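Reviewing the structure listed below.
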Amino acid sequence: MQYVATEGSLRRRWSRVNEFFQSTQEKNFWVDINQYLRRLVKGIIEVSLDEEMIQYMQTQPYQRTDKSNRLDYRNGYYCRNLDTTFGPVEHINIPRSRQGLFRTSVFERYQRRQPAVNDVILNVFLRGISTRDVAGALKPLLNTTLSASAVSRIIKRLNPLVKEFHQRKLLDEYQFLFLDGITISVKGSLKAKKILILVAYGITLFGKKELIAFRIASSESAASCESFLNDLFRRGLTGKNLKMIVTDGSKGFITAIELVYPYAKHQRCWVHKLRNATKHLKKADIKAFKLDACKIYNASNHRKAVAAFKNLHKHWANIAPKAVDCLERDMDELLSFLTIPIKEQYRAFIRRQIRTTNIIERSFREVRRRTRPMGCFTNYDSVSRIIYAIFNRLNSKWQEKPLKEFTQFI
Numbered sequence: 081m082q083y084v085a086t087e088g089s090l091r092r093r094w095s096r097v098n099e100f101f102q103s104t105q106e107k108n109f110w111v112d113i114n115q116y117l118r119r120l121v122k123g124i125i126e127v128s129l130d131e132e133m134i135q136y137m138q139t140q141p142y143q144r145t146d147k148s149n150r151l152d153y154r155n156g157y158y159c160r161n162l163d164t165t166f167g168p169v170e171h172i173n174i175p176r177s178r179q180g181l182f183r184t185s186v187f188e189r190y191q192r193r194q195p196a197v198n199d200v201i202l203n204v205f206l207r208g209i210s211t212r213d214v215a216g217a218l219k220p221l222l223n224t225t226l227s228a229s230a231v232s233r234i235i236k237r238l239n240p241l242v243k244e245f246h247q248r249k250l251l252d253e254y255q256f257l258f259l260d261g262i263t264i265s266v267k268g269s270l271k272a273k274k275i276l277i278l279v280a281y282g283i284t285l286f287g288k289k290e291l292i293a294f295r296i297a298s299s300e301s302a303a304s305c306e307s308f309l310n311d312l313f314r315r316g317l318t319g320k321n322l323k324m325i326v327t328d329g330s331k332g333f334i335t336a337i338e339l340v341y342p343y344a345k346h347q348r349c350w351v352h353k354l355r356n357a358t359k360h361l362k363k364a365d366i367k368a369f370k371l372d373a374c375k376i377y378n379a380s381n382h383r384k385a386v387a388a389f390k391n392l393h394k395h396w397a398n399i400a401p402k403a404v405d406c407l408e409r410d411m412d413e414l415l416s417f418l419t420i421p422i423k424e425q426y427r428a429f430i431r432r433q434i435r436t437t438n439i440i441e442r443s444f445r446e447v448r449r450r451t452r453p454m455g456c457f458t459n460y461d462s463v464s465r466i467i468y469a470i471f472n473r474l475n476s477k478w479q480e481k482p483l484k485e486f487t488q489f490i
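In my numbering, each number is its position in the sequence shown, counted from 1, plus 80.
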């Protein structure tokens with residue numbers, strides 16, 4: 081026969097909760113509201129645990145029943161502390177049975193923190209606080225001390241989210257795609273080594289910025305880049321709306337684009353190209369050369385840009401032939417951004433955004449800010465978690481701030 085708690089027993093047990101609340105009425109409630117809340121939470125938890133024990137035993141405390149019908153016997157209490165959003169609740173009396181089969185639904189075995197506390201820790205980490213600083217940032221709020229290892233264990237809960245991020249379906253709504261990579265140090269079997277994070281950044285038809293995907297690679301080789309782009313294609317980014325793909329001078333990405341997105345226009349980054357060209361100049365000539373190059377990418381149309389390059393070629397061909405050849409070699413890709421029809425009032429802004437990879441480099445600044453204090457990562461999983469956290473925060477920030485200019489194409 082299943083035991084059902086009577087109204088009287090429930091009333092008696094809930095009166096214990098009322099005692100906690102009534103005791104707070106006798107003092108100044110606002111002196112330490114969290115202290116009273118913790119006492120109240122402790123009372124509620126202990127009442128719930130006792131009721132669960134009664135349901136498990138099918139008998140009231142001290143009730144005598146036939147031994148043949150007994151499922152188990154009480155075996156006193158043990159104490160446990162629990163970190164909650166109100167602070168640490170200490171010395172919770174948890175009933176136990178003689179056979180050790182009683183299991184409560186209030187919390188899991190060995191649980192020491194309320195799930196909401198773990199969620200707070202994860203959210204603080206995702207918002208840009210480093211693993212080492214999470215405990216210090218939350219101590220005034222939670223009134224408890226978290227070890228670095230405890231924070232690390234909690235942050236490992238991001239692993240399923242990282243996997244989901246890598247496997248999610250993509251909408252084919254991106255009109256501009258920026259591709260680049262950033263290097264990070266990771267501990268190897270014998271010594272630390274450099275790995276490359278390939279990153280895809282997009283701007284949608286609605287002007288929304290988004291860090292779309294990332295992948296850990298050993299190098300920026302053609303095979304690695306092709307595999308990265310093929311994964312984007314397989315997940316839904318087929319490129320039907322792509323107006324342009326912007327890259328630096330990476331040969332790996334250039335080769336991969338020709339294989340995966342052969343019909344998309346390709347724009348080479350002017351910043352990287354000028355950086356390479358000025359390596360062939362004397363220090364005294366760099367400023368003048370850049371001023372002449374500026375006239376090329378600031379031209380109002382493709383024809384005027386070509387005329388500006390011819391003027392640069394005429395002036396610098398004999399002074400710095402290698403620097404001129406460096407520009408001339410990729411001039412078609414450098415001027416691709418001028419071939420996209422844009423409404424005149426938005427032309428200058430959009431062209432400034434798409435002629436370089438600066439838009440993705442600005443995101444890398446946040447990656448470097450978060451990873452620089454860490455020095456060297458322990459493994460690839462820790463790299464993926466921190467990159468995911470940074471991307472998640474930036475994407476959330478950009479969600480409500482679209483670039484409306486990128487919806488103004490002819």
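Here a beta-carbon is modelled for each residue, glycine too, at the ideal position from N, C-alpha and C. Just so we're clear, the structure is a prediction, and the values are computed from it rather than from any experiment.
Note that the segment 416-435 does not touch the segment 353-368; fewer than 3 beta-carbon pairs, one per stretch, sit closer than 8 Å. With 16 or more other Cβ atoms from the protein chains shown falling within 10 Å of its own Cβ, residue 437 counts as buried. The closest CA to that of residue 416, considering only 176, 137, 323, is found on 323. In this structure, residue 242 lies away from residue 460, with their beta-carbon atoms at least 8 Å apart. Residue 297 is a Cβ neighbour of residue 278, given a cutoff of 8 Å. Per the coordinates, the alpha-carbon of residue 309 lies some 26 Å from the alpha-carbon of residue 421. Minimum Cα-Cα distance from residue 150 among the listed residues 312, 170, 179, 172 corresponds to 179. Between residue 312 and residue 293, the gap from beta carbon to beta carbon is short of 8 Å. Ranked by how close their Cα comes to the Cα of residue 164, the residues 120, 402, 355, 272 have 120 in first place.
Judged by their CB atoms, residue 326 and residue 258 are nearer to each other than the 8 Å cut-off. Three or more Cβ pairs drawn from the segment 280-288 and the segment 237-257 lie within less than 8 Å of each other, which places the two stretches in contact. In this structure residue 143 is exposed. Its beta-carbon is surrounded by fewer than 16 other beta-carbon atoms within 10 angstroms. In the DSSP assignment, residue 173 falls within the unbroken beta strand (DSSP E) covering 167-177. Counted as a single uninterrupted DSSP element, the beta strand (DSSP E) harbouring residue 155 occupies residues 154-164.
For the options 374, 423, 351, the alpha carbon positioned closest to that of residue 441 is the one of 351. With respect to the 8 Å criterion, residue 447 and residue 262 are classified as neighbours on the basis of their beta carbons. Here the alpha carbon of residue 273 sits roughly 15 Å from the alpha carbon of residue 451.
Following the DSSP letters along the chain, one finds residue 387 inside the alpha helix (DSSP H) bounded by residues 382-396.
The segment 372-384 makes no contact with the segment 336-344: fewer than 3 CB pairs, one atom from each, lie closer than 8 Å.
Counting along the chain, residue 297 sits inside the beta strand (DSSP E) bounded by residues 289-297. Residue pairing from DSSP places residue 324 in a beta bridge opposite 256, 345. With a beta-carbon spacing of about 5 Å, residue 400 and residue 361 fall inside the 8 Å limit used to define contacts. For residue 336, the secondary structure class from DSSP, reduced to helix, strand or coil, is helix. For residue 274, the enclosing beta strand (DSSP E) starts and ends at 272-284. By the C-beta density criterion, residue 153 is exposed, having fewer than 16 other C-beta atoms within 10 angstroms.
One alpha carbon belongs to residue 301, the other to residue 333, and they sit about 8 Å apart. The beta carbon of residue 357 is closer than 7 Å to those of 403, 406, 407 in its chain, skipping five residues each way along the sequence.
When the beta-carbon positions are compared, residue 465 and residue 235 come within less than 8 Å of each other. Take the alpha-carbon of residue 425 and the one of residue 488: they are about 9 Å apart.
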